[in-house]
Amino acid sequence: MSSNTPNLGLLKKDPMTDGNETFNIQTMLNDNWDKIDDKVGQMSDEIGNITVPDASLTVAGKTMLSNSITGTRENVAATEKAVKLALDKSLSSVPDASLTVAGKTMLSNAINGTRQNVAATEYAVKTAMENVKVENYDGRTEEVFYYVPSQYPNVNEALKAIKKVNAGPRTVQIDAGFDDPWTGQYGIIGFIGGTISITGASSTNKSKIGSAGYGIYVSNTTAPIFIRNIIFNHKDSMVNCQSPCAISISGCQKTASNAGDWLWFGGGARATVSNCQCSNAVYGDVIQAMTNSQVYILLLTGSNNFGFINASDGAIVTDVSGDGISATYKYSINRAIILTSSGPVYS
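If you're matching positions, the sequence shown starts at 43 in my numbering and goes up one per residue.
Okay, here's the thing in structure tokens:
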């Protein structure tokens with residue numbers, strides 16, 4: 043049985059049912075060719091009416107290609123050749139990078155090189171960090187105690203056991219009533235980070251140091267220092283702080299007979315003295331503040347002293363200790379200032 047194609051309506055014969063029919067030139071050829079020709083004509087007319095605009099930055103359309111790498115037109119497309127030429131030219135015009143010139147840089151994984159014209163990779167930085175070793179460093183952030191005499195025989199040995207660079211507080215803890223036998227100076231020297239403390243048992247059961255006549259010497263230390271509940275048990279034992287550090291002395295006392303100076307602060311030190319007692323410093327001063335130091339004095343008592351405060355060379359002393367200490371002279375001032383509850387006292 044014959045049928046027609048869906049788009050052009052061309053006549054088709056079925057070989058099974060129409061096989062014996064005589065071939066009709068008009069219907070099988072001419073009519074079909076006329077339909078095809080008519081449809082092709084319609085397509086030509088429709089295609090001819092299609093308008094493709096020139097391409098631009100905002101409109102899609104037909105585009106001309108260009109090999110130029112110096113043009114400024116925005117309605118042509120660059121060829122592969124143009125892109126390669128531009129890239130080659132740009133790379134050849136970029137200088138090698140240096141410490142003074144920005145430019146192209148080679149990467150390096152080396153951590154021991156000396157070149158100054160290559161850049162370190164993340165891998166190199168990580169490897170270098172993992173290989174860093176800080177000598178004399180204690181990274182513990184919690185407070186660490188050094189017990190005297192159960193762990194160390196004297197305060198000086200405990201101080202020597204503390205690393206110079208610390209991430210947390212370090213405390214030399216002295217047993218109640220212990221009289222330190224050390225016959226030399228107690229050095230708090232070169233400590234960085236954390237805090238350094240020398241602490242007696244309690245305010246009512248203090249520990250003793252300096253029985254041999256030596257005292258505490260502070261130098262080149264930026265870690266804050268705390269001296270608590272200590273008896274300076276010899277007429278010559280003292281604190282000598284000649285360092286731009288912060289130091290707090292509390293609950294301490296010096297009452298040995300015929301004593302000299304007790305507390306020296308200089309070198310830009312910042313000191314606080316509170317709840318302390320000093321008596322019998324008949325050959326010196328209770329406190330000497332020198333060379334740009336700053337000293338705050340609170341609740342200091344004692345008697346039979348030669349001098350109370352000797353301030354000089356840019357020192358600033360704040361005295362709110364009241365009248366609890368007696369001395370032959372209260373203040374000696376030379377190019378310094380002492381601030382009192384009654385107002386400042388100048389040299």
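Backbone N, C-alpha and C fix where the C-beta goes; we use that ideal spot for every residue, glycine too.
Since we're looking at a predicted model, the values are computed, not measured.
Pull up the CB-CB distance for residue i and residue j, whole angstroms please, since I reckon it's below 8 Å.
i: V328; j: G344; result: 7 Å
i: N275; j: G252; result: 6 Å
i: I351; j: V315; result: Contact flag wrong, Cβ pair sits at about 10 Å.
i: Q215; j: T241; result: 6 Å
i: I230; j: I273; result: About 18 Å separates the two Cβ atoms, so there is no contact after all.
i: G219; j: N247; result: 6 Å
i: N347; j: I367; result: 7 Å
Please classify residue i as buried or exposed, where buried requires at least 16 other C-beta atoms within 10 Å of its C-beta.
i: M280; result: buried
i: T105; result: exposed
i: V143; result: exposed
i: S299; result: exposed
i: L99; result: exposed
i: D217; result: exposed
i: T213; result: buried
i: L129; result: exposed
i: M332; result: buried
i: Q295; result: buried
DSSP on residue i, reduced to helix/strand/coil?
i: G210; result: coil
i: Y165; result: helix
i: G293; result: coil
i: M85; result: helix
i: L201; result: helix
i: V94; result: coil
i: D76; result: helix
i: N46; result: strand
i: V125; result: helix
i: A170; result: helix
i: D130; result: helix
i: A378; result: coil
i: Q193; result: coil
i: F187; result: strand
i: L99; result: coil
i: G113; result: coil
i: Q227; result: coil
Short of 6 Å in beta carbon distance, which residues of its chain neighbour residue i, apart from the five on each side in sequence? Order them along the chain.
i: N282; result: Y259, W306
i: L381; result: T360
i: A161; result: T147, L149
i: A119; result: T105, L107
i: V337; result: F307, A313, A331, V359
i: Q319; result: Q295, T343, G344
i: Y371; result: G349
Could you pull out every residue in the same chain whose Cβ sits closer than 7 Å to the Cβ of residue i, ignoring the five residues on either side in sequence?
i: A152; result: A166
i: G145; result: V136, P137, D138, A139
i: S383; result: V362
i: P286; result: G309, G310, A311
i: A203; result: Y188, Y194
i: G235; result: V207, N208, A209, A265
i: L52; result: N46, N74, K77
Closer than 6 Å to a non-hydrogen atom of the ligand SAH - does that hold for the CB of residue i?
i: T370; result: What this structure holds is no ligand at all, so the ligand SAH is not there to describe.
Within the same chain, show all residues whose beta-carbon is closer than 8 Å to that of residue i, passing over the 5 residues directly before and after it, in chain order.
i: S192; result: D217
i: W304; result: F274, M280, V281, K296, C320, A323, G326, D327, V328, I329
key: Whole beta strand (DSSP E) elements within the region 289–371, 3-residue minimum   = 305–308, 312–320, 327–331, 336–354, 358–362
query = What beta strand (DSSP E) runs, 3 residues minimum, are completely inside the region 231–289?
reply = If only complete runs of 3 or more residues are kept, the region 231–289 shows the beta strand (DSSP E) at 237–241, 249–251, 258–261, 267–270, 272–274, 281–284, in order along the chain.
inquiry  = Could you tell me which whole beta strand (DSSP E) segments of length 3 or greater appear in the region 132–160?
reply    = Inside the region 132–160, DSSP marks whole beta strand (DSSP E) runs of 3 or more residues at positions 148–150, from first to last along the chain.
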